[in-house]
Amino acid sequence: MAIQFGLPEELLNLENSLIIFGGSFNPPHNGHVMIANLVIELFKGMEFHIVPSATPPHKKVSIEFLKRYEMARIAFSKIKGVKVVDTEYKLGGISYAVNTVNYYKKFFDNIFYLVGEDALASIEKWYKYEELLKKVIMIVYPRYKDESLVERANSVLGELAEKIYMLDLPIIQISSTFIRDRVKKGLSVYGFVPESIIPIVEEVYKKSAR
Numbered sequence: 023m024a025i026q027f028g029l030p031e032e033l034l035n036l037e038n039s040l041i042i043f044g045g046s047f048n049p050p051h052n053g054h055v056m057i058a059n060l061v062i063e064l065f066k067g068m069e070f071h072i073v074p075s076a077t078p079p080h081k082k083v084s085i086e087f088l089k090r091y092e093m094a095r096i097a098f099s100k101i102k103g104v105k106v107v108d109t110e111y112k113l114g115g116i117s118y119a120v121n122t123v124n125y126y127k128k129f130f131d132n133i134f135y136l137v138g139e140d141a142l143a144s145i146e147k148w149y150k151y152e153e154l155l156k157k158v159i160m161i162v163y164p165r166y167k168d169e170s171l172v173e174r175a176n177s178v179l180g181e182l183a184e185k186i187y188m189l190d191l192p193i194i195q196i197s198s199t200f201i202r203d204r205v206k207k208g209l210s211v212y213g214f215v216p217e218s219i220i221p222i223v224e225e226v227y228k229k230s231a232r
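In my numbering, each residue carries its 1-based index in the sequence shown increased by 22.
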C-alpha cells in the first residue's frame, strides 16, 4: 500500500475524533493560521488542538515554551473551533508525538495528526514512528508537492504508508525560520504573521538575536 491522495468522505465525519497540529511555533505565522483554517473547514468542525512543543526532540528552540504558547494562543484566536493547548508542557519531558497521542487516546477514538510535507523526508527517524502511525491517521499539508518525498516515504514505511493522506489544499510557503531571519535583519514581518502578535514577535526575536 502507499500514501493516499485526498481524504475519503467517511474519514471527514468520524465521531469522537481529534485533529492535532503540533510544532514549535517559533513563531506562529500566517501560514500556520491559514493551514488550521483550511483543515478545520475540511473536517466540518471536528475538534482541533494546536499543540506547541514544550521540548522539541529534533531541534533546539531558544524561545521558552510559555512565550511561544502565548503567541500561538493569540495568533489562532480568530479561528472558531481551534484550541491552543499546553498538553506537552504539562506532560513534561521530551515532546515526542507518540507520547502526546497516547495521552489523547484516553479521550478520543480517532486521532488525525497534521504535519507538513517535509516530515516525509525523515518520518522513520521520529521516536517510535511505527507505533505512532498505527495509532493515528496522518494528514499531510502540501509545502512543495514533491513526488520524490512521497516515493521515499512509501519505500521506507511499507504498509504503514497507507495510514498517510496527502491533503489537496493550496501550497503555502512561509516558514518560522524566514520570519526569524527578517526580524534579525530589521525587516518588517507585516503580512507574514498575524498583526496581533507583531509587537511580541519583534520584541522576542530581536532580543534573541543579540
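In this text, a Cβ means the ideal position worked out from N, Cα and C, and glycines have one as well.
Quick caveat: nothing in here was measured; it's all calculated off a predicted structure.
In this structure the segment 67-85 lies against the segment 40-50, because at least three pairs of beta carbons, one per stretch, are closer than 8 Å. For F200, the enclosing alpha helix (DSSP H) begins and ends at 198-206.
By the neighbour-count definition (other C-beta atoms within 10 Å, threshold 16), F200 is an exposed residue.
Counting only residues of its own chain and dropping the five nearest sequence neighbours on each side, K127 has a CB closer than 8 Å to the CB of I133, K157.
Looking at E92, G103, F65, the one whose alpha-carbon comes closest to that of P74 is E92. Our two residues, E32 and E63, have alpha carbons roughly 15 Å apart in a direct line. If the five residues before and after A94 are omitted, its C-beta is found closer than 7 Å to the C-beta atoms of F47, P50, I72, P74, V106, all from its own chain and listed in chain order. With the rule of 3 Cβ pairs closer than 8 Å, the segment 141-149 counts as touching the segment 159-177. Unbroken alpha helix (DSSP H) runs of no fewer than 4 residues, entirely contained in the segment 140-221, are found at 151-157, 169-179, 198-206, following chain order. When rounded, the separation of the alpha-carbon atoms in N35 and F65 is 7 Å.
For S198, the closest alpha carbon among the candidates I85, L189, T122, A183 is that of I85. Closest by C-alpha distance to K167, out of Y111, D203, M188, is M188. Residue state for V107 is assigned as coil, using DSSP reduced to three classes. L155 sits close to K185, with the two beta carbons spaced by under 8 Å. Relative to K150, the option among K228, F98, G28, L182 whose CA is nearest is L182. By the neighbour-count criterion, in which a residue is buried when 16 or more other Cβ atoms sit within 10 angstroms of its Cβ, I161 is buried.
Here L88 is exposed: its Cβ has fewer than 16 other Cβ atoms, across all protein chains shown, within 10 Å. Residue state for Y135 is assigned as strand, using DSSP reduced to three classes.
Residue range 69-74 is occupied by the beta strand (DSSP E) that includes E69. Check the Cα spacing between V205 and each of V223, Y163, I116: the tightest is with V223.
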